[in-house]
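Student:
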Amino acid sequence: MFDFIRIACAVPEVEVGNTEFNTQEIIKYIDINKDADIVVFPELCVTGYTCADLFFQRTLIDGAKAGIAEIAKATEETNSVVAVGAPVIIGGQLYNCAVLMSKGKVDGISVKTFIPTYNEYYEKRWFSSAADLKCSSICSDELGLDGEYEIPVGNNLVFDYSGVKIGAEICEDLWAPLPPSTLLTLAGAEIILNLSASNETIMKRKYRTELVAQQSARSLCAYVYASAGMNESTTDLIFSGHSLICENGAVLLQNDSLIDGGYSIKHDIDLGKIRADRAENKTFCDSASLY
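When we follow the numbering used here, the leftmost residue of the sequence shown carries the number 61, and every step to the right adds one.
(1) Name the DSSP bridge partner or partners of E229?
(2) Among P147, F115, D167 and I150, which residue has its Cα nearest to the Cα of S140?
(3) Let me know the secondary structure DSSP gives S200 once reduced to three states.
(4) With distances taken Cα to Cα, identify the nearest neighbour of T261 among H302, N156 and I325.
(5) Consult DSSP for L350 and reduce its assignment to one of helix, strand or coil.
(6) Where do the ends of the alpha helix (DSSP H) carrying N156 lie?
(7) With DSSP as the reference, label V218 as helix, strand or coil.
(8) Of all the options A236, T245, A257 and N341, which has the alpha carbon lying nearest to the alpha carbon of G145?
(9) Between the segment 182–202 and the segment 210–225, do three or more beta carbon pairs fall short of 8 Å?
(10) Indicate whether the contact test is met: 3 or more Cβ pairs, each with one atom in the segment 104–111 and one in the segment 286–302, closer than 8 Å.
(11) Indicate whether F219 and L160 have their beta-carbon atoms separated by less than 7 Å.
(12) Since S241 sits in a beta bridge, which residues does DSSP pair it with?
(13) Which first and last residues belong to the alpha helix (DSSP H) in which Y267 is found?
(14) How big is the Cα-Cα spacing for A158 and R278?
(15) Short check: CB of I98 to CB of I67, under 7 Å?
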């Protein structure tokens, strides 16, 4: 990886509850985007976001675990860092997670902090918050992975890939008064990945675009946002698969408003510019020293 980093947002077709189908779709988009340094998928894409009470079923969770292992193995054949959304049991509780993988291994699991339970959302029925975590790592065999190694878990993980610092948060985390990404960037993260399942309402796309762009501006970072696609529109919510790649407040690329089926977008971000702007901006430096 050099100063220019190629980012891909991939929104595969999803069959809600069909982990085998979803896993193969994810692997397909990893291959399609094998020229990207980082490939980001939506929230809970291994199972589907709208599984509702199926999240209580061990069959679904075991299927997700098998999917994670298969996707991780697929990264052996690519140079990409891959982030997928999946439910993961940690310490007996179910968490909504971003699983980061590369070179055939799971590098870490970023856990969703803010679990929405208002309006059309009732995620706390199924998921615990990162604030409830009682451990900072799990063993790879808990996910059925090859080899034995420790996998860090938490909401404060900054991953170092050849000197490129990456953090991740999940959907609602960005909408909080103090997003985890703010603290992640102050801790050194230069690229933030947001795995999302944000539904559509009137004017929400415009608001969401401004939200992502403003967070990248305040945090002087690249902010990569991939949201669940139209195949999740199976109950009382509508999804469009909104994806965004922003850099220091500028929207570099986003998808068309309506896409029928899976798709991906790609754009290069200028890591050198991010680093130069941070070095110049003493307010950012002073803020980092406070946390």
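Note that the Cβ used here is the ideal one computed from N, Cα and C, for glycine as well.
Tutor: Taking the structure as given:
(1) Taking the first residue of the sequence shown as position 1, residue 229 is located at position 169. According to DSSP, which records beta bridges pairwise, E229 is partnered with N254.
(2) Start at 1 with the first residue of the sequence shown, and residue 140 comes out as number 80. Cα-wise, what sits closest to S140 is D167.
(3) Position 140 of the sequence shown, counted from the first residue, corresponds to residue 200. S200 falls in the helix class under three-state DSSP.
(4) Position 201 of the sequence shown, counted from the start, is the residue given in the question as residue 261. The residue with the shortest Cα to Cα distance from T261 is H302.
(5) Within the sequence shown, numbered from 1, the residue matching residue 350 stands at position 290. L350 falls in the helix class under three-state DSSP.
(6) What you label residue 156 is simply residue 96 of the sequence shown in a count that begins at 1. Looking at the DSSP string, N156 is not in any alpha helix (DSSP H); the run it does join, the beta strand (DSSP E), is Q153 to S162.
(7) Here residue 218 corresponds to residue number 158 of the sequence shown, with the count starting at 1. DSSP places V218 in coil when its eight states are reduced to three.
(8) Position 85 of the sequence shown, counted from the start, is the residue given in the question as residue 145. Out of A236, T245, A257 and N341, A257 has the C-alpha closest to the C-alpha of G145.
(9) yes
(10) yes
(11) In the sequence shown, residue 219 corresponds to position 159, counting from 1. In the sequence shown, residue 160 corresponds to position 100, counting from 1. At a Cβ-Cβ threshold of 7 Å, F219 and L160 count as neighbours.
(12) Within the sequence shown, numbered from 1, the residue matching residue 241 stands at position 181. Its beta-bridge partners do not exist; DSSP assigns none.
(13) By 1-based counting over the sequence shown, the position of residue 267 is 207. K264 to S279 is the extent of the alpha helix (DSSP H) around Y267.
(14) As a first step, residue 158 must be located in the sequence shown, where it is residue number 98. As a first step, residue 278 must be located in the sequence shown, where it is residue number 218. Between A158 and R278, the C-alpha separation is close to 23 Å.
(15) As a first step, residue 98 is located in the sequence shown; it is residue number 38 there, counting from the start. As a first step, residue 67 is located in the sequence shown; it is residue number 7 there, counting from the start. Cβ atoms of I98 and I67: closer than 7 Å.
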